[in-house]
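*Asks:*
Chains as they are written, first to last, in this note's numbering: chain E, 1234 to 1484; chain V, -1 to 93.
1) In chain order, what residues of the same chain have a beta carbon less than 6 Å from the beta carbon of residue 1442(E), not counting five sequence neighbours either side?
2) Closer than 8 Å, Cβ to Cβ, to anything on chain V: give me those residues from the region 1260 to 1277 of chain E, in chain order.
3) So, does the CB of residue 1375(E) fall closer than 7 Å to a CB anywhere in chain V?
4) Using a Cβ-Cβ distance cut-off of 7 Å, determine whether residue 26(V) contacts chain E.
5) So, residue 1370(E) versus residue 1338(E), is the Cβ gap smaller than 7 Å?
6) Can you list the residues of chain E that residue 36(V) reaches, using a CB-CB cut of under 7 Å?
7) Where does residue 1264(E) fall in DSSP's three states?
8) Expressed to the nearest angstrom, what Euclidean distance is found between the alpha-carbon atoms of residue 85(V) and residue 51(V)?
9) Just to check my reading of the structure: residue 1320(E) and residue 1453(E) have Cβ atoms closer than 8 Å, yes? What is that Cβ distance to the nearest angstrom?
10) Any idea what DSSP makes of residue 1191(E), helix, strand or coil?
11) Leaving out five residues on either side along the sequence, give the residues of the same chain with a beta carbon under 7 Å from the beta carbon of residue 1254(E).
12) Any idea what DSSP makes of residue 39(V), helix, strand or coil?
13) Measuring alpha carbon to alpha carbon, tell me which of 1300(E), 1309(E), 1384(E), 1406(E) ends up nearest residue 1477(E).
14) Using a Cβ distance threshold of 8 Å, determine whether the region 1409 to 1428 of chain E contacts the region 1336 to 1351 of chain E, with at least three qualifying pairs required.
15) State yes or no: is the C-beta of residue 1316(E) within less than 7 Å of the C-beta of residue 1396(E)?
16) Fully enclosed by the region 1236 to 1295 of chain E, which alpha helix (DSSP H) runs are 4 residues long or longer?
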């Protein structure tokens, strides 16, 4: 097994978790009310914890004393391979909830499959992560329903969030060359196969929220190849500031 | 979301199976599910419980401080109401 491929595979999954975590952490002290602030921060911490597990594993595969921190703080924008949906800005509360609902639903389906991976480490991390994700999806999906059935304003905002973020959803199920190799080696997950189930879950919640699933929208992609939207650079400048300004600073 | 659309809920946690539920505090929430989730976020971060109850605060009937004399003081001189005359086996942990 070419470990270079496994490294890239693990790194990409770690990037998805890390960038999602960083986005969610931006809600700390800014959420609509105290309890929600704590909820979002807890979910953010779950994702940081997961990112740490994946990136530590990736670092060990890379060798040369690479650490998870090296991977998180010393790579440039083009070297990050997270999917574009993860880096999309928090926007208003509805924007964040829709982004999270799409991601949580994908993560749930993805992790369930990754538990069956031939790779013991990936399987173990997924087993731990799936419990958290089951809670995350409960949190975000109930908010989508609440906002959809709330006021005219909350309904309009959640529908607009869906329409704006829909273009990033197809990328979740894309398989690049490396993904296909990983799948053939029974290490990775066949993301394409997750789409029908994802559609069913999304559709069920949308029905309950009385919002519409967009049809035939333009879809965009590029994250796995390091081609990002303009938002990732700003996120990284914030996240990496300390290590860039004071290299190798320690707690 | 303004506080006006949120209600206060009281949170009770059962520390372990079979134990009494204990009042932990309160949370703000707009509905049952949110109350349960917020209770989970605030009060079970360190695996404190096995079960959570949430109850709308307005559904709790409380005595008033001015009732204290008539409610509680009469027990003052009735020592026979205390179960201190029974020997409790050391094996009993959760009485």
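Just so you know, even glycine gets a beta-carbon here, dropped at the ideal spot from N, CA and C.
*Replies:* With the structure as the only source:
1) Mapped onto the first chain, residue 1442(E) falls at position 209. The residues 1377, 1378, 1381, in chain order, have a CB closer than 6 Å to that of residue 1442(E) in the same chain once the five nearest residues on each side in sequence are set aside.
2) 1265, 1266, 1267, 1268, 1269, 1271, 1272, 1275
3) Position 142 of the first chain, counted from the first residue, corresponds to residue 1375(E). Closer than 7 Å to some Cβ of chain V, the Cβ of residue 1375(E) qualifies, so yes.
4) As a first step, residue 26(V) is located in the second chain; it is residue number 28 there, counting from the start. Yes, its Cβ sits closer than 7 Å to a Cβ of chain E.
5) For this step, residue 1370(E) is matched to residue 137 along the first chain. For this step, residue 1338(E) is matched to residue 105 along the first chain. In this structure, residue 1338(E) lies closer than 7 Å to residue 1370(E) by Cβ.
6) Residue mapping note: residue 36(V) aligns to position 38 of the second chain, counting from 1. 1268, 1272, listed in chain order.
7) The sequence position of residue 1264(E) within the first chain is 31, counting from 1. DSSP places residue 1264(E) in coil when its eight states are reduced to three.
8) For this step, residue 85(V) is matched to residue 87 along the second chain. For this step, residue 51(V) is matched to residue 53 along the second chain. Cα to Cα, residue 85(V) sits roughly 34 Å from residue 51(V).
9) For the purposes of this step, residue 1320(E) is taken as the residue at position 87 of the first chain. For the purposes of this step, residue 1453(E) is taken as the residue at position 220 of the first chain. Their Cβ separation, rounded to whole angstroms, is 12 Å, which puts residue 1320(E) and residue 1453(E) out of contact at 8 Å.
10) Outside the shown range of chain E (1234 to 1484) lies residue 1191(E), about which nothing can therefore be said.
11) As a position in the first chain, residue 1254(E) is number 21, starting the count at 1. Taking C-beta separations shorter than 7 Å and ignoring five residues to either side along the sequence, the partners of residue 1254(E) in its chain run 1277, 1280, 1281, 1284, following chain order.
12) Locating residue 39(V) in the second chain gives position 41, where the first residue counts as 1. Three-state DSSP puts residue 39(V) in a helix.
13) Locating residue 1477(E) in the first chain gives position 244, counting from the first residue. Here the closest residue by C-alpha is 1309(E).
14) yes
15) Numbered from its first residue, the first chain carries residue 1316(E) at position 83. Numbered from its first residue, the first chain carries residue 1396(E) at position 163. In this structure, residue 1396(E) does not lie closer than 7 Å to residue 1316(E) by Cβ.
16) 1236 to 1258, 1267 to 1295
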